[in-house]
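Chains as they are written, first to last, in my numbering: chain H, 951 to 1300; chain P, 770 to 1076. Written out below as structure tokens is the structure these notes cover.
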Amino acid sequence: MAEASRPLVRVQGLKRYFDVSAPLLNRLLEGQPRLTLRAVDGVDFTINRGETFSIVGESGCGKSTVARLIVGLYRPTAGVIEFDGADMSGFRSRKEMAPLRRRQQMIFQDPYASLNPRWRVRDIIAEPIRAFRLIDGNAAIVARTDELLRQVGLAPADGDKYPHEFSGGQRQRISIARALASQPEFLICDEPTSALDVSVQAQILNLMKDLQRELKLTYLFISHNLAVVYHISDHVAVMYLGRIAELAPTRVLFSRPRHPYTRMLLDTIPDLAMTGRQRNPVAGEVPNPINPPTGCGFHPRCPFANERCKIERPEPLPARGDAPGSAALVACHGVEEGRLPDDVRPLNAA
Amino acid sequence: MTALAAKLRSALDSDLFFSFRHSPATVAAAVTVLVFLLGAGLAPWIAPHNTYEVVTLNLSDAFLPPAWTESGKASFLLGTDDQGRDVLSTIMLGARVSLMVGFAAVLFAATLGITLGLVSGYVGGLVDAAIMRVADVMLSFPAVLIALLIDGIARGVLPRDLHSRISIYVLIAAIGLSTWVQYARTVRATTMVEKSKEYVMAARVIGLHPALIMLRHVLPNVLGPVLVIATIGLAIAVLTEATLSFLGVGVPPTQPSLGTLIRVGNNFLYSGEWWMTIFPALALVVLVLSVNLLGDWLRDALNPKLR
């Protein structure tokens, strides 16, 4: 019982800084200071088994860095990443990581770069199987790759082709087949549909939803497309400048956005049945994460900002007025003080 | 068998073969190189005379001009040298030595350069900095100077008879060590591009050992430019070998290469026996030019921006 109720992934105080200083010689000669880019600056969330957890945000807000941290491509500067109760930052060697790596796989953004152009599709899909020694014998591996190809809607005969013989959507299916090959529980999807045509996006999203039901997968879904996120997620975290601005169940976030940044993002979704509400274009740009604003990172763009917002950094706090257990976490002084007008929107197929 | 035929057909249908067929200079160069490879490779069997079997030599045949001149003999097409050796045969055997040294030096330089370039580009950081500074130092000296230096050290360190036995390997090492930098730099640059691509990331997510990722994923994708450098590198290696042999530090006189032939013939140039140096030199020029033309074509044909 405890096994089932424990969240699959727990992230706490996660930080990742990048050193983007000029080379040593330039720093010495030109007196340039050391520069750090705070890509992820203190992020907490949990992902439950079988759900889809989405992170949205503009370019450069750190959402892809979070994905790469969780999958172990980067080491965190600080913080804890727990996968099924085991702290991943505690592992030092590749060998120790291997059992966990089998259980989590990644789907990438660019279907033209994520498949090795010199490999046949069958070998690409079989790579995790061979790497983890899951199946012995070539015939058995071929049978398994055939099954995987069928599972993602391709023909077993496609296994003998090279990636360049496929379209973007088909390549993304191959990418998904590779990710499924090691029978993982947790898939990290880094903008898996943003490089695809809208019609193909829907196909891939539906495939992912079907696979989730069939194989009881848990997704971490990274996207900048709110319509896609609305379609697929159970929980949504809105990231801004390396921090979470608002974290809420999908229906709560889309029907009652609290954080001014979330409201601004939702305003940008095109809507056929415009209810006459004034639509505001996205104002301003994301500030430079090397030199972020003081206090709340959003205050230079926020219409509700006051003095406190410029000085004190807001922490994520449960919002008032939600059902207990499904409350939104909002990092905003204005929401906390109750000085923001309520913003209730009709839920539509965004 | 049908699989082989299908493979052949797809090779003949490829863009590469199309651009090959439509470039007459390249076809001519390829034919020339092929003639050289066959002539040199099969020289011990097809050369008209066995010039290094002393008993077959006849000093009365010495200094014969080419066959088409008045005093030439039909059996010595390109004339003979001071020992009565057939120049055509010495060229065939000399080209054999030259090409052997060239191929071995390219193989050595490419292996060394690709390995160091892969490691440098993939690992980065201090390892990269160290390897690249060594490369920079190597690059700041002319290749012939480095080869002279290495050969000179080998001559000083090794006993005389040992050195003359292994001098051909010293030569290969000298040429290889002076040309690996090009491979390393090219491979490093391509590796750094490939490394950041998502298919490499996918392999890292699986948790493959870095050496395996370099070997299986990165290496096949960086070999295109290496092929071009290796082709042009062959021409350069043959030329470097000729230069060293011309200077007298290359292969031993018992195994003359094209460079040795040119040097020996050069002594007789002013006394009128021009064929002894002109023909080996012509052979060298034609060989190097053809290989270079092939390399240039390959560079253009494999460059997606020029298609």
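All C-beta atoms in this analysis are idealised placements derived from N, C-alpha and C, irrespective of residue type, glycine included. All of these numbers come straight from a predicted model, not from anything done at the bench.
Residue i vs residue j beta-carbon contact at 8 Å
| i | j | result |
| --- | --- | --- |
| P:Ser858 | P:Ala816 | yes |
| P:Ser867 | P:Leu1027 | yes |
| P:Gly886 | P:Thr955 | yes |
| H:Ser1064 | P:Glu967 | yes |
| P:Val969 | P:His986 | yes |
| P:Val1060 | P:Thr1000 | yes |
| P:Val974 | H:Arg1051 | yes |
| H:Leu1161 | H:Gln1055 | no |
| H:Arg999 | H:Thr1168 | yes |
| H:Pro1242 | H:Arg988 | yes |
| P:Leu1003 | P:Gly871 | yes |
| H:Leu1176 | H:Leu1216 | yes |
| H:Thr1027 | H:Tyr1112 | no |
| P:Ile944 | P:Ala899 | no |
| P:Leu1040 | P:Thr1029 | Note on residue identity: the sequence assigns Ser, not Leu, to residue 1040 of chain P. No; because the gap between Cβ atoms is not below 8 Å, this pair is not in contact. |
| H:Ile1194 | H:Pro1106 | no |
| H:Pro957 | H:Ile997 | yes |
Chain-order list of residues whose beta-carbon lies under 6 Å from that of residue i (same chain, five-residue window excluded)
| i | result |
| --- | --- |
| H:Ala1198 | Ala1278 |
| H:Glu1008 | Val1236 |
| H:Gly1284 | Phe1254 and Leu1290 |
| H:Leu1203 | Val1186 |
Distance, residue j Cα to residue i Cα
| i | j | result |
| --- | --- | --- |
| H:Asp1140 | H:Leu978 | 39 Å |
| H:Glu1286 | H:Ala1269 | 7 Å |
| H:Gly1103 | P:Ala772 | 29 Å |
| H:Trp1069 | H:Asp994 | 39 Å |
| P:Gly1034 | P:Met1045 | 5 Å |
| P:Ile711 | P:Met901 | For residue 711 of chain P there is no data in the structure shown, the boundaries of chain P being 770 and 1076. |
| H:Ala1300 | P:Leu981 | In this prediction, H:Ala1300 has a pLDDT of 45, which is less than 50 and means its spatial position is unreliable; what the coordinates show is noted afterwards. If you take the alpha carbons of H:Ala1300 and P:Leu981, they lie about 45 Å apart. |
| P:Leu743 | P:Ala879 | Since the displayed chain P opens at 770 and closes at 1076, residue 743 of chain P lies outside it and no answer follows. |
| P:Gly893 | P:Gly810 | 42 Å |
| H:Ala1129 | H:Met1047 | 17 Å |
| P:His818 | P:Gly853 | 11 Å |
| P:Gly925 | P:Ile919 | 10 Å |
| P:Leu846 | P:Ile941 | 32 Å |
| H:Gly1035 | H:Gln1059 | 28 Å |
| H:His1209 | H:Val1179 | 17 Å |
| P:Asp851 | P:Leu803 | 30 Å |
| P:Met1081 | H:Pro1061 | Within the shown structure, residues of chain P are numbered from 770 to 1076, placing residue 1081 of chain P beyond reach of any answer. |
| H:Arg984 | H:Ile1057 | 34 Å |
| H:Glu980 | H:Thr986 | 18 Å |
| P:Thr838 | P:Ala780 | 47 Å |
| H:Ile1074 | H:Phe1082 | 14 Å |
| P:Gly993 | P:Leu1071 | 7 Å |
| H:Arg1263 | H:Arg1121 | 43 Å |
| P:Arg865 | P:Asp930 | 23 Å |
| P:Ala843 | P:Phe1037 | 22 Å |
| H:Glu1164 | P:Thr960 | 39 Å |
| H:Arg1018 | H:Gly1271 | 35 Å |
| H:Val959 | H:Ser1144 | 25 Å |
| P:Glu822 | P:Tyr891 | 53 Å |
| P:Thr1009 | P:Ala912 | 8 Å |
| H:Met951 | H:Leu1170 | Bear in mind that the predicted position of H:Met951 carries a pLDDT of just 38, short of 50, making it unreliable; the figure below should be weighed with that in mind. If you take the alpha carbons of H:Met951 and H:Leu1170, they lie about 23 Å apart. |
Spatial neighbours of residue i in its chain, beta-carbon cut-off 7 Å, leaving aside the 5 residues before and after
| i | result |
| --- | --- |
| P:Glu1042 | Phe832 |
| H:Asp1108 | Val1071 and Leu1099 |
| H:His1181 | Leu1155 |
| P:Ala799 | Leu1063 |
| H:Gly1012 | Ala989, Val990, Met1189 and Gly1192 |
| H:Ile1172 | Ile1005, Lys1013, Ser1014, Ala1017, Cys1139, Asp1140 and Glu1141 |
Residue i: CB within 7 Å of a non-hydrogen atom of the ligand NAP
| i | result |
| --- | --- |
| P:Gly848 | The ligand NAP is not part of the structure shown, which contains no ligands of any sort. |
Contact set for residue i: own chain, Cβ-Cβ below 8 Å, skip 5 residues either direction
| i | result |
| --- | --- |
| P:Ser840 | Leu833 and Pro834 |
| H:Val1294 | Ser1205 and Arg1206 |
| H:Ile937 | Only positions 951 to 1300 of chain H appear in this structure, which leaves residue 937 of chain H out of reach. |
| P:Phe789 | Thr795, Val796, Ala799, Trp1066 and Ala1070 |
Any chain B beta carbon closer than 8 Å to residue i
| i | result |
| --- | --- |
| P:Val991 | In summary, chain B is missing from the structure at hand, where the protein chains are H and P. |
(message) Three Cβ pairs or more, each shorter than 8 Å: is that satisfied between the region 1043-1050 of chain P and the region 859-867 of chain P?
(response) yes
(message) I want to know whether the region 906-915 of chain P touches the region 940-960 of chain P - three or more CB-CB distances under 8 Å.
(response) Result yes; three or more Cβ-Cβ pairs closer than 8 Å.
(message) Can you confirm whether the region 1002-1016 of chain H touches the region 1166-1186 of chain H when touching is taken to mean that 3 or more C-beta pairs between the two stretches lie within less than 8 Å?
(response) Yes: the two stretches touch, three or more of their Cβ pairs being nearer than 8 Å.
(message) So, does the region 957-970 of chain H touch the region 984-994 of chain H, judging by three or more C-beta pairs under 8 Å?
(response) yes
(message) Across the region 1064-1074 of chain P and the region 785-801 of chain P, are there enough close Cβ pairs to call them in contact, namely three or more that are closer than 8 Å?
(response) Short answer: they touch.
(message) Just to confirm the assignment: which complete alpha helix (DSSP H) runs, minimum length 4, are found wholly within the region 1244-1279 of chain H?
(response) 1257-1261
(message) As an exercise, report each continuous alpha helix (DSSP H) stretch of at least 4 residues that is fully enclosed by the region 780-827 of chain P, in chain order.
(response) As far as the region 780-827 of chain P is concerned, its whole alpha helix (DSSP H) runs of at least 4 residues are 784-790, 793-810 and 812-815.
(request) Could you tell me which uninterrupted beta strand (DSSP E) segments, each at least 3 residues in length, are contained entirely in the region 984-1046 of chain H, listed from first to last along the chain? (result) 986-997, 1002-1006 and 1028-1033
(request) At 3 residues or longer, and completely inside the region 1163-1228 of chain H: list those beta strand (DSSP E) runs for me, N to C. (result) 1168-1173, 1185-1190 and 1193-1199
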